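Chemist: So the sequence lines, in the order shown, correspond to chains A and B.
Note that UniProt numbering has the first sequence beginning at 1, numbered continuously upward.
Note that UniProt numbering has the second sequence beginning at 1, numbered continuously upward.
Protein chains: 2
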Amino acid sequence: MSEPRRGRVRSETARRAILEATRDQLAEHGYDKLSMDRVAAAAGVGKQTVYRWWPSKSAVVAECVLAGYVLADMRVVADTGDLRSDVRAWLMAFVDFVDRDPAAGGLVRALASAAAESDAVATHLYDRFTATAESHLAARLADAERRGQLRDGIPAVMVAEMLFGTVLYRFLVRQDITPEFVDRLCDAIFNGIAAPR
Amino acid sequence: MSEPRRGRVRSETARRAILEATRDQLAEHGYDKLSMDRVAAAAGVGKQTVYRWWPSKSAVVAECVLAGYVLADMRVVADTGDLRSDVRAWLMAFVDFVDRDPAAGGLVRALASAAAESDAVATHLYDRFTATAESHLAARLADAERRGQLRDGIPAVMVAEMLFGTVLYRFLVRQDITPEFVDRLCDAIFNGIAAPR
Chain A
1 MSEPRRGRVR
11 SETARRAILE
21 ATRDQLAEHG
31 YDKLSMDRVA
41 AAAGVGKQTV
51 YRWWPSKSAV
61 VAECVLAGYV
71 LADMRVVADT
81 GDLRSDVRAW
91 LMAFVDFVDR
101 DPAAGGLVRA
111 LASAAAESDA
121 VATHLYDRFT
131 ATAESHLAAR
141 LADAERRGQL
151 RDGIPAVMVA
161 EMLFGTVLYR
171 FLVRQDITPE
181 FVDRLCDAIF
191 NGIAAPR
Chain B
1 MSEPRRGRVR
11 SETARRAILE
21 ATRDQLAEHG
31 YDKLSMDRVA
41 AAAGVGKQTV
51 YRWWPSKSAV
61 VAECVLAGYV
71 LADMRVVADT
81 GDLRSDVRAW
91 LMAFVDFVDR
101 DPAAGGLVRA
111 LASAAAESDA
121 VATHLYDRFT
131 ATAESHLAAR
141 LADAERRGQL
151 RDGIPAVMVA
161 EMLFGTVLYR
171 FLVRQDITPE
181 FVDRLCDAIF
191 NGIAAPR
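1. Counting only beta-carbon separations shorter than 9 Å, does Q48 of chain A have a partner in chain B?
2. If we count Cβ pairs, one from each stretch, closer than 8 Å, do we get three or more for the region 182 to 191 of chain B versus the region 159 to 168 of chain B?
3. Could you tell me the distance, in whole angstroms, from the CA atom of T13 of chain A to the CA atom of A116 of chain A?
4. Expressed to the nearest angstrom, what Euclidean distance is found between the alpha-carbon atoms of D169 of chain A and A139 of chain A?
5. Using beta-carbon positions only, say whether P55 of chain A and S118 of chain A come within less than 9 Å of one another.
6. Enumerate in chain order the residues of its own chain whose CB-to-CB distance from L19 of chain B is below 8 Å, with the five nearest sequence positions on each side excluded.
7. If I'm right that S58 of chain A touches A114 of chain A with Cβ under 8 Å, what's the distance once you round it to whole angstroms?
8. Kindly list, in the order they appear in chain A, the residues whose Cβ is closer than 9 Å to that of A40 of chain B.
9. Give the residues of chain B in contact with S113 of chain A, contact being defined as C-beta atoms less than 7 Å apart.
10. In terms of DSSP beta bridges, what is L185 of chain A paired with?
11. Within the same chain, show all residues whose beta-carbon is closer than 6 Å to that of R38 of chain B, passing over the 5 residues directly before and after it, in chain order.
12. Using DSSP bridges, identify the partner residues of A194 of chain A.
13. Could you spell out where the alpha helix (DSSP H) holding T80 of chain B opens and where it closes?
14. Taking Cβ positions, are V98 of chain A and W90 of chain A nearer each other than 9 Å?
15. Can you tell which of B:A194, B:D183 and B:I177 has the C-alpha that lies nearest to the C-alpha of F94 of chain B?
16. Could you check whether the Cβ of A43 of chain A sits closer than 8 Å to any heavy atom belonging to the ligand FMN?
17. Using a Cβ-Cβ cutoff of less than 6 Å, which residues in the same chain neighbour residue 211 of chain A once the five nearest sequence positions on both sides are dropped?
18. For E161 of chain B, would you say it is in contact with chain A, using Cβ-to-Cβ distances shorter than 9 Å as the test?
19. Could you tell me whether the Cβ of S58 of chain A comes closer than 9 Å to any Cβ of chain B?
20. Please classify D86 of chain A: is it buried, with 16 or more other beta-carbons within 10 angstroms of its beta-carbon, or exposed?
21. Kindly say whether R170 of chain A, judged by its beta-carbon, lies nearer than 9 Å to any beta-carbon of chain B.
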């Protein structure tokens, strides 16, 4: 009985070591220069152990983000009672993070690439982002709806998709996400683009 | 003098043959089963000729989309005089296309992946999409602005990014783009999500 359990413990330890090594290597070298060889060496495992769980560099980085080893603080949406300024602050924290960390763009692009190429990663990504949206952004949106700050019939998950999607697209096409961009995006999303009738 | 010119003609002919072969192979096998070997064979060139111009499968597919060999009709935005119904019709044409062609999801994901992994493809993608936005969507938006259908200070390119980004994100996370989704998205983008004050 104890063999499988010990095997499982060893697996979980190795898995965590790999994710921690990936986080450290990302911080030191950035995404483009990240190497699976160095990740395996730093984690003290064979390269085939890394490939057993993740088929590619982008897949292990995606897991690293999704498991909260990097970008973790982006999951929290503040609650000041004013939805618009909370969403703005959340996007601005993202701008700050990207300004501080030159590897951030590569991280976000790795996520997109991994999701594009693997159904399993995409499902995982969606579950995590949906979970994030459920627990933070959607909860915040539902609260705003109760306070009468959100129009009727606007699904919270769609607002999350509009925000994630627009920001992700800016990353993909290498356009800066500036405070001015955040202001314009918040204005368009909250007030709409149509002229008042 | 004639040698370089003949060389250039040969190059352009081979390039076009590769893109046409990619389009045909995509239609026959879909993106996931697309093989660079088969593309090269169908184009009548060596595999190294394909790799000389495109480093990966996703790169040649991205070029194929960008050069208008597939998805070309998505560039046209109708002009009925009513911006909201034109944008809705444009998104609905996309829904129809995806419903008709089971390879469409793979194509869009290939674009995203190629852009995520290569600065050159990303720049090309942005130039083409910006060009599309400039020539169709942005022109249509500018016209709507003149007719007083668009709120002041809404940059057309940002509207294009919100639309492209949200739709791309739905593809990445493998969520269906349904007529209901299109209606909700148009409503949110045109009317905004904030409750009227």
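Glycine is no exception: its CB is placed at the ideal position from the N, C-alpha and C atoms.
Keep in mind that this is a model prediction, so the values were computed, not measured.
Modeler: Taking the geometry as given:
1. The residue given as residue 48 of chain A occupies position 48 in the first sequence. Not an interface residue.
2. yes
3. Within the first sequence, the letter at position 13 stands for residue 13 of chain A. Within the first sequence, the letter at position 116 stands for residue 116 of chain A. Whole-angstrom Cα-Cα distance: 29 Å.
4. By 1-based counting over the first sequence, the position of residue 169 of chain A is 169. By 1-based counting over the first sequence, the position of residue 139 of chain A is 139. The sequence given here places Tyr at residue 169 of chain A; Asp does not occur at that position. Approximately 25 Å between the Cα atoms of the pair.
5. Against the first sequence, residue 55 of chain A aligns to sequence position 55. Against the first sequence, residue 118 of chain A aligns to sequence position 118. Taking 9 Å as the Cβ cut-off, P55 of chain A and S118 of chain A qualify as a contacting pair.
6. For the purposes of this step, residue 19 of chain B is identified with residue 19 of the second sequence, where counting begins at 1. Closer than 8 Å at Cβ, skipping near neighbours: V60, E63, C64, A67 and Y69.
7. For the purposes of this step, residue 58 of chain A is identified with residue 58 of the first sequence, where counting begins at 1. For the purposes of this step, residue 114 of chain A is identified with residue 114 of the first sequence, where counting begins at 1. Going by Cβ atoms, the distance from S58 of chain A to A114 of chain A rounds to 4 Å, so yes, they are a contact pair.
8. Sequence index remark: in the second sequence, residue 40 of chain B carries index 40 (1-based). Going along chain A, no residue has its Cβ under 9 Å from A40 of chain B, so there is no contact; the nearest lies around 22 Å.
9. Taking the first sequence and counting its residues from 1, one reaches residue 113 of chain A at position 113. Those within 7 Å of S113 of chain A in chain B are S113, A116 and E117.
10. Within the first sequence, the letter at position 185 stands for residue 185 of chain A. Note: L185 of chain A sits in no beta bridge, so no partner.
11. Locating residue 38 of chain B in the second sequence gives position 38, where the first residue counts as 1. If we look at R38 of chain B and ignore the five residues flanking it on each side, its Cβ neighbours are Q25.
12. Residue mapping note: residue 194 of chain A aligns to position 194 of the first sequence, counting from 1. Paired residue(s): B:L150.
13. Within the second sequence, numbered from 1, the residue matching residue 80 of chain B stands at position 80. Taken as a continuous stretch (DSSP letters only), T80 of chain B belongs to no alpha helix (DSSP H), as it is neither H nor E.
14. On the first sequence, residue 98 of chain A is found 98 positions in, with the first residue counted as 1. On the first sequence, residue 90 of chain A is found 90 positions in, with the first residue counted as 1. Their beta carbons are not under 9 Å apart, which means V98 of chain A does not touch W90 of chain A by this criterion.
15. Here residue 94 of chain B is taken as the residue at index 94 of the second sequence, counted from 1. The residue with the shortest Cα to Cα distance from F94 of chain B is B:I177.
16. Absent from the structure shown: the ligand FMN. Ligands present: none.
17. Shown here, chain A extends from 1 to 197; a query on residue 211 of chain A therefore has no answer.
18. The residue you call residue 161 of chain B lines up with position 161 of the second sequence. E161 of chain B counts as touching chain A.
19. Here residue 58 of chain A refers to the residue found at position 58 when the first sequence is read from its first residue. Interface residue, yes.
20. Looking up residue 86 of chain A in the first sequence gives position 86. With 16 or more other Cβ atoms within 10 Å, it is buried.
21. Start at 1 with the first residue of the first sequence, and residue 170 of chain A comes out as number 170. So, interface residue.
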